[in-house]
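Asker:
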Amino acid sequence: MPPRSIGAFAVVVGLLGAGLALIPSAARADGSTLYVNNTSTSNCSDSAADAGSQAQPYCSLQTAVDTARPGDTVMVVKGTFGPLDVKTSGTASAPLTITTGTSKVVISIVTPLYGSGPGLTFDHVHDVALHGFFIGTNAQAPVVAVEGSDSVTLDGDHLEGVYSRPLVGIDGQSRTVTLSRDQLDAAPGEDGVDLAAGASGTVITGNKFSYGKNTPVNAAGAPGTVVVGNTFTDNGGCNTAVSLTGASSGSTVENNAFFLGTSGGCATYGTSTPVVVSSGSTSATIYDYNVFESESGGALYSWGGQTYATAADLQAATGQGKHELYVAVAAGTTSLNVTPLIDSADAGAPDELGTDFNGKARVDDPLVADTGTGAGYYDRGAVEYQDPYQVAAAVSVTKGPAPLSETVTADETNPWKTGITSYTFDFGDGSAPVVSAGPSVAHAYSTIGSYTVTVTATTAAGASVAGSKKAYVTVAAEAPLVPALSLGQARPSSSLTVQADASGTTDDWSIADYGVDFGDGTSAADLGTSGFGGHTYAKPGTYTATLTVKDDGGNTATTTRQVTVGSALVPFGPTRILDTRNGTGAAKAKVGPGAVLRLKIAGVNGIPATGVTAVALNLTGVNASASTVITAYPDGTTRPTASNLNLGPGQVTPNMVTVPVASDGYVDLYNNAGSIDLVGDVEGYYSTTAATLGATGFVQVSGPTRVLDTRTGIGTAKGKAGPGGLVTLTLPAGGAGNASAVLLNVTETSATASSWVALEPTSGDVPTTSVLDFAAGQTSANLVVAPVSNGQVQFYNRTGNVDLIADVEGYVVSDPTTSPGAPGSPYFPISPTRVLDTRNGTGVAQGTLGAKSKLSVKVAGHGGVPAGVKAVLVNLTGVKSTTSTWLSAYADGSTLPASSTLNLAIGATRANLALVPVGSDGSIDIYNSSGTVNVVADVEGYYIG
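Anchor point for the sequence shown: position 554 equals 554 in our numbering, and the numbering is continuous, going up by one each time.
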């Protein structure tokens, strides 16, 4: 099988003439036009009396060519055709022309898959020209074969092959073959044009060659070969582009542009030179006016068996190459630097074309000195770089109420100072175009609607230049200017960055300018006419932004919007950063009574050194010698009255702590009584800086919602997790679609042995951190920041058998406006603040909370928590319950959820951190299931948005 195929051009193959009984068309004179079109709607025929007419064109290109006479034109209108074997000749005065005319439709001549032979063969013919086709082959053969032919021309064609065969193969019996203005794209190892020994007078002019690991022009004993005004683009390094070997004397190589830069230039390969002229080919051969562009140097010439690194070396030794140019280009350059090519060619070079690859006339660039010969201003390579004059339509206003008076202008780019004699404006409203000697005119639109405006310029030379861009005018019904502003988080730059969007503004005029004062004392931002712009606040907070809109009718209006920016949660780990049992993160020793342990957070174990505002730390107390409480707070600040962890003697108790990180990167951990080992695992950190926001950040408050219960089979298979067992939680499809982590209140119950539960690492090894530690028969819970992979979370149980329950309290989403669900909210950490203590009447009346009872506690507007908060992080503690019970925290005014926040055994004192939505009145509710219990609540932070 070939490495690729030209199947796109071989799906439909036209009927071939072979084997068909041809019925001659009606008598006609030489010089006729024979039409060909094999599309399904063409009404084509190869046998009808008027076959070949416009009304009934030939179906087969082969039939048309076989039928043609000298002087005829075979005009191919549309179609895709099989291989063509040209056996009909013209004469010097009446050549045979096979052409697509001015058609912009790709018309192909292709040997199909599993076919054989070239796409096109000139079979012992003379005076034939073929123009405007795509020609290819899927066979192991040349794309074009010239066999025993004379005076044949390929002009303006596109050649492409797939095998290691030449695009054009010219045998030794052929003469005066011309290739002009052709695009030749060779596959690796596939030559462009191969001239066999004996082929003479071949002209290769004005073509573009794209090649790699092959030779675009390979003349082996082909005298009189002319290679002039071509562009060679080497896609594989320093390959030989032009090779004249054997007895290829009397040849000319001039005005070519060689681009060798795509793969490092000649220094990368160094095994071949771009131009080779053998000793048998130097006689009467002319070499000059070529330009090489390459990333790095290397030998450019091989002349008469000797290698020359530079044009100066070549000239000194041979007299050739006096006007050669070499241009070093930057690494990674993918196209020619055109400046050295302009107005520097030899206009008198043999067979140099009067028009370029694109059919454009030769022009003199007035900004570049003429350094060529002859006319002096021909460009080297296949393309003549044209006058860069451009004109575009512009209007004074793009929108306004009827009647609308406009000034329409011709917006010009004219570095050559080209003389313009007139401008023609078409206003797109059905009125007559206006011709003006000046570049602007006035026009009045009277009818509501949308209009397209164009302009055409006429040069002093009589050339017509169509506008490169159109202008658009909307005439609207009268309406007031109504500004609109939305402000959203702009990620991933920073959680303090917002994106202003004023595109919702409505008006009957086009907008002249949008400006936004972001309300933080900085200068107002000019958003131009787009209405979009970003802004980064210096610190978290709630700000009032003001939008000012000015329209082209002279009207101005303003509106305001509030926006809140804060920290974003970046899931991390879990990673152990503290263990006083072995000296991780602190001295290897228990924390004594009244002692404070300073724990470094920022810059530890991959946590950024700057920009960290708070840490989500699973803090575990191990083997307390006495009943105690642990309090976490920012280093260097006054210790709050709140507690984070409550333990009895000998207990192992975990609790999630979200604590602000001081400016020095530390948090403090205070132990009230006795001695205790402390273990800390980071599950995430909060940040406001760009460098830390690559994964995610904003919490989408959603819960609590039960998503896992191994007792009933919710979220996973029914059944306890065994020793070393895994529980895979599949999150519900309705959750946050782009969540990278989930906040889960994880509860264990009915454990058969003392154990711990961890998040399963991707490595599959035994985890080194835990999220929940418990004793046999105990029911306990902990808040966990769990990374999500493919919509799932995995838990590992170390010992015994245990049931696991999990309730979603929020999702960590990478896009703060993610859908489905509510937008993500920025976080504001605060030092732990007590808002509730039923033992002393803080927040509510003093007294225990009874069975099946609830209390409401106001959190908004207290302890640094502002009004309008969406949710709070609350460390909820139950103190000395009279029976086993559970507590649930939820938004005031909402329904009691079917999930618990804190589980308590009789007489126990235990805490658990919870993300609790706040009711519209700024309060949260706490419900007790059984017995009586004192309740304490400490707020560690809040979410707004």
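Just so it is clear, CB atoms sit at the ideal spot from N, CA and C, and this is done for glycine as well.
Less than 8 Å between the beta carbons of Ala557 and Leu481, yes or no?
Answerer: Residue mapping note: residue 557 aligns to position 557 of the sequence shown, counting from 1. Residue mapping note: residue 481 aligns to position 481 of the sequence shown, counting from 1. Yes.
Asker: So, does the CB of Ala331 fall closer than 8 Å to a CB anywhere in chain B?
Answerer: Within the model displayed, chain B is absent; a lone protein chain is all it includes.
Asker: Quick check on Lys208: buried or exposed, where buried means 16 or more other Cβ atoms within 10 Å of its Cβ?
Answerer: By 1-based counting over the sequence shown, the position of residue 208 is 208. Classification of Lys208: buried, given that the 10 Å Cβ count is 16 or more.
Asker: Using alpha carbons as the reference points, say which of Tyr827, Ala512, Pro340, Thr307 lies closest to Thr954.
Answerer: Coverage of the chain is limited to positions 1 through 945, which leaves residue 954 absent and any answer about it impossible.
Asker: Less than 8 Å between the CB atoms is what I'm expecting for Leu873 and Val935, so what's the real figure, rounded?
Answerer: Along the sequence shown, read from residue 1 onward, the residue named residue 873 stands at position 873. Along the sequence shown, read from residue 1 onward, the residue named residue 935 stands at position 935. Not a contact, Cβ separation roughly 16 Å.
Asker: Confirm, please, whether the CB-CB distance from Asn912 to Leu876 is below 8 Å.
Answerer: The sequence position of residue 876 within the sequence shown is 876, counting from 1. The sequence position of residue 912 within the sequence shown is 912, counting from 1. Yes, Cβ-Cβ distance for Leu876 and Asn912 is below 8 Å.
Asker: Run the CB neighbour count on Val228, radius 10 Å, all protein chains shown included, and call it buried at 16 or more, exposed below.
Answerer: The residue you call residue 228 lines up with position 228 of the sequence shown. By the 10 Å Cβ count, Val228 comes out buried.
Asker: Apply the 10 Å Cβ neighbour rule to Pro433 and answer buried if 16 or more other Cβ atoms are within range, or exposed otherwise.
Answerer: Taking the sequence shown and counting its residues from 1, the one referred to as residue 433 is at position 433. Of the residues assessed, Pro433 falls on the exposed side of the cut-off, its CB having fewer than 16 other CB atoms within 10 angstroms.
Asker: Considering Val61, what are the terminal residues of the beta strand (DSSP E) in which it resides?
Answerer: Against the sequence shown, residue 61 aligns to sequence position 61. Residue 61 is actually Leu in this sequence, not Val. Segment 61 to 67 is the alpha helix (DSSP H) holding Leu61; no beta strand (DSSP E) there.
Asker: My output table needs one value for Gly280: the three-state DSSP class, helix, strand or coil.
Answerer: Numbered from 1 along the sequence shown, position 280 holds the residue referred to as residue 280. Annotated three-state conformation of Gly280 is helix, per DSSP.
Asker: So what's Tyr269 in DSSP terms, helix, strand or just coil?
Answerer: One-based indexing of the sequence shown puts residue 269 at position 269. Its pLDDT being 45, under 50, Tyr269 is placed unreliably by the model, and the measurement read from it follows with that caveat. Reduced to three states, the DSSP call for Tyr269 is helix.
Asker: Do you know offhand how far Lys322's Cα is from Thr373's?
Answerer: As a first step, residue 322 must be located in the sequence shown, where it is residue number 322. As a first step, residue 373 must be located in the sequence shown, where it is residue number 373. Distance between the alpha carbons of Lys322 and Thr373 is about 12 Å.
Asker: My guess is that Ser881 and Leu904 are in contact by the Cβ rule of under 8 Å, so how many angstroms apart are they, rounded?
Answerer: Against the sequence shown, residue 881 aligns to sequence position 881. Against the sequence shown, residue 904 aligns to sequence position 904. Right, the Cβ-Cβ distance comes to about 4 Å (below 8 Å), so this counts as a contact.
Asker: I'd like to confirm something about Thr641: is its beta-carbon nearer than 7 Å to some heavy atom of the ligand FMN, or not?
Answerer: Within the structure as shown, the ligand FMN is missing, as the structure has no ligands at all.
Asker: Mind checking which residues open and close the alpha helix (DSSP H) that includes Ala317?
Answerer: As a working mapping, residue 317 is identified with position 317 in the sequence shown. Residues 311 to 318.
Asker: Just reading off the beta strand (DSSP E) that Asp921 is part of, what are its end residues?
Answerer: Within the sequence shown, the letter at position 921 stands for residue 921. No beta strand (DSSP E) holds Asp921; DSSP gives it neither H nor E.
Asker: Suppose the cutoff is 8 Å on Cβ atoms and the five residues either side in sequence are ignored; what does the same chain contact list for Val11 look like?
Answerer: Your numbering for residue 11 matches position 11 in the sequence shown. With a pLDDT of only 33 at Val11, under the threshold of 50, the placement of this residue in the model should not be trusted; the figure read from the coordinates follows. Only Thr80 meet the Cβ criterion.
Asker: Our contact map puts Thr454 next to Gly438 with C-beta atoms below 8 Å; I'd like the distance itself, whole angstroms only.
Answerer: For the purposes of this step, residue 454 is identified with residue 454 of the sequence shown, where counting begins at 1. For the purposes of this step, residue 438 is identified with residue 438 of the sequence shown, where counting begins at 1. Going by Cβ atoms, the distance from Thr454 to Gly438 rounds to 17 Å, so no, they are not a contact pair.
Asker: Which first and last residues belong to the beta strand (DSSP E) in which Asp496 is found?
Answerer: Here residue 496 refers to the residue found at position 496 when the sequence shown is read from its first residue. Correcting the residue type first, residue 496 is Leu in the shown sequence and not Asp. From DSSP, Leu496 is part of no beta strand (DSSP E); its letter is neither H nor E.
Asker: In the structure shown, what three-state DSSP assignment does Leu341 receive?
Answerer: Within the sequence shown, the letter at position 341 stands for residue 341. Here Leu341 sits in helix by DSSP.
Asker: I think Gly680 touches Leu599, with their Cβ atoms under 8 Å apart; what is that distance to the nearest whole Å?
Answerer: Locating residue 680 in the sequence shown gives position 680, counting from the first residue. Locating residue 599 in the sequence shown gives position 599, counting from the first residue. Contact flag correct, Cβ pair sits at about 7 Å.
Asker: Find out if the Cβ-Cβ distance for the pair Leu726, Glu760 is shorter than 8 Å.
Answerer: Translated into positions along the sequence shown, residue 726 becomes position 726. Translated into positions along the sequence shown, residue 760 becomes position 760. A contact, by the Cβ cut-off of 8 Å.
Asker: Kindly indicate which three-state DSSP category Asn782 falls into: helix, strand or coil?
Answerer: The count along the sequence shown starts at 1 and reaches residue 782 at position 782. Asn782: strand per DSSP, three-state reduction.
Asker: Measuring CA to CA, which of Pro660, Gly71, Thr355, Ala786 is closest to Gly941?
Answerer: Locating residue 941 in the sequence shown gives position 941, where the first residue counts as 1. Of the listed residues, the one whose Cα sits closest to Gly941 is Pro660.
Asker: Can you look up Asp971 in the DSSP assignment and give me helix, strand or coil?
Answerer: The chain is shown only over 1 to 945; residue 971 falls outside these bounds and no answer can be derived.
Asker: How should Arg175 be labelled, buried or exposed, when 16 other C-beta atoms within 10 angstroms of its C-beta is the threshold for buried?
Answerer: Start at 1 with the first residue of the sequence shown, and residue 175 comes out as number 175. Classification of Arg175: buried, given that the 10 Å Cβ count is 16 or more.
Asker: For Ala410, which residues in the same chain have their Cβ closer than 6 Å to its Cβ, ignoring the five residues on either side in sequence?
Answerer: By 1-based counting over the sequence shown, the position of residue 410 is 410. Hits under 6 Å: Val391, Tyr423, Pro439, Val455.
Asker: Nearest-angstrom Cα distance between Asp72 and Glu190?
Answerer: Start at 1 with the first residue of the sequence shown, and residue 72 comes out as number 72. Start at 1 with the first residue of the sequence shown, and residue 190 comes out as number 190. About 34 Å.
Asker: Expressed to the nearest angstrom, what Euclidean distance is found between the alpha-carbon atoms of Ser464 and Tyr35?
Answerer: The residue labelled residue 464 in the question sits at position 464 within the sequence shown. The residue labelled residue 35 in the question sits at position 35 within the sequence shown. Whole-angstrom Cα-Cα distance: 31 Å.
Asker: Excluding the 5 residues flanking Gly640 on each side, which residues of the same chain have their C-beta closer than 6 Å to its C-beta?
Answerer: Here the question's residue 640 lines up with position 640 in the sequence shown. The sequence as given places Pro at residue 640; Gly does not occur at that position. Closer than 6 Å at Cβ, skipping near neighbours: Tyr633, Ser831, Pro832.
Asker: Please classify Thr153 as buried or exposed, where buried requires at least 16 neighbouring CB atoms within 10 angstroms.
Answerer: Working through the sequence shown from its first residue, we reach residue 153 at position 153. Note on Thr153: 16 or more other CB atoms within 10 angstroms of its CB, so buried under the neighbour-count rule.
Asker: Have a look at Ala775 and Pro540 and give me their C-alpha separation to the nearest angstrom.
Answerer: Working through the sequence shown from its first residue, we reach residue 775 at position 775. Working through the sequence shown from its first residue, we reach residue 540 at position 540. About 42 Å.
Asker: If you pair each beta-carbon of the region 361 to 371 with each one of the region 237 to 251, do three or more pairs fall below 8 Å?
Answerer: no
Asker: Is the distance from the Cβ of Asp194 to the Cβ of Tyr211 below 8 Å?
Answerer: The count along the sequence shown starts at 1 and reaches residue 194 at position 194. The count along the sequence shown starts at 1 and reaches residue 211 at position 211. Contact flag unset, no.
Asker: For Lys417, which beta-bridge partners are listed by DSSP?
Answerer: As a working note, residue 417 is residue 417 in the sequence shown. Answer by DSSP bridge pairing: none, since Lys417 is not bridged.
Asker: Can you tell me whether Phe828 is buried or exposed, with buried defined as 16 or more other CB within 10 angstroms of its CB?
Answerer: For this step, residue 828 is matched to residue 828 along the sequence shown. With a 10 Å radius around the Cβ and a threshold of 16 neighbouring Cβ atoms, Phe828 comes out buried.
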